[in-house]
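Under the working numbering, the first residue of the sequence shown carries the number 5, and numbering increases by one thereafter.
Presented below is the structure to which this report refers.
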Amino acid sequence: MINGLEPISIQELRVLGGSKQWTVEGHLDQLPSLTPVRGQICAEHKGNVLAVEGELETIVTLCCDRCLTPFNHALKARPSELIWLGDAPPSESELQESEQIAAMDGLVECLNPRGDFTPVQWVFEQLNLQLPVVNHCGEHCPGPPGLNGSTEATNDQQAEQMDPRWQALRRLQQP
């Protein structure tokens with residue numbers, strides 16, 4: 005838990021009459037990172053929606069899907085999101101009534117207007133969305149171990165020492 009990012013009541017945000025800002029500096033329990041998550045968040049109650057935006061960055065260690073080598077990956081996000089304040093997603097008529105969201109498409113998130121906004125959860129979600137689908141350490145990636153086309157005798161030795169997870173791929177490469 006990052007200090008200062010405690011949940012805040014939606015009603016308290018409404019009463020502020022302006023935006024609430026948080027400074028983000030620390031590690032998230034759900035997203036292990038090499039460096040602290042740094043940045044800022046701003047949330048403003050705008051009638052039927054909560055407008056949230058931020059600037060976040062950290063560095064995480066991932067495992068390459070090809071060579072299984074750990075590598076560092078920078079996560080940077082400048083998210084901006086409108087969150088519907090209601091128990092259910094908005095209807096077409098509700099969307100048309102609000103000038104701020106009439107042009108918006110794809111409102112997915114809903115918050116209970118009598119509930120809380122949890123900044124630390126929002127930070128986690130935004131950074132998690134920045135994680136790559138395929139982890140690849142880069143152009144210098146050697147590929148799967150033991151599959152680099154050496155001599156037949158060496159291949160037999162490598163097959164005995166090879167990580168068993170690569171055996172199926174090795175069989176596909178054999179003539």
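Think of the CB as a built atom: it goes at the ideal place given N, C-alpha and C, for glycine as much as any other residue.
Quick caveat: nothing in here was measured; it's all calculated off a predicted structure.
Exercise. Spell out a yes or no on whether the region 36-47 and the region 55-69 are touching, meaning 3 or more CB-CB pairs, one atom from each, closer than 8 angstroms.
Key: At 8 angstroms Cβ cutoff, the stretches touch.
Quiz item: When the Cα atoms are used, what is the spatial distance from Ser23 to Leu54?
Solution: Along the sequence shown, read from residue 1 onward, the residue named residue 23 stands at position 19. Along the sequence shown, read from residue 1 onward, the residue named residue 54 stands at position 50. C-alpha separation (whole angstroms): 10 angstroms.
Self-check item: Same chain, Cβ closer than 8 angstroms to Pro74, neighbours up to 5 away in sequence not counted
Solution: Sequence index remark: in the sequence shown, residue 74 carries index 70 (1-based). Result list for Pro74: Thr65, Leu66, Cys67, Cys68, in chain order.
Quiz item: Under the rule that 16 or more other beta-carbon atoms within 10 Å means buried, what is Val137, buried or exposed?
Solution: In the sequence shown, counting from the first residue as 1, residue 137 sits at position 133. With fewer than 16 Cβ atoms within 10 Å of its Cβ, Val137 is classed as exposed.
Quiz item: Is it right to say Ala92 is buried, meaning 16 or more other beta carbons lie within 10 angstroms of its own, or is it exposed?
Solution: Counting from 1 along the sequence shown, the entry for residue 92 is found at position 88. With fewer than 16 Cβ atoms within 10 Å of its Cβ, Ala92 is classed as exposed.
Quiz item: Does the pairing of the region 41-48 with the region 138-147 give three or more beta-carbon distances under 8 angstroms?
Solution: The region 41-48 is not in contact with the region 138-147.
Quiz item: According to DSSP, is Ala92 helix, strand or coil?
Solution: Start at 1 with the first residue of the sequence shown, and residue 92 comes out as number 88. DSSP places Ala92 outside both helix and strand once states are collapsed to three, so it counts as coil.
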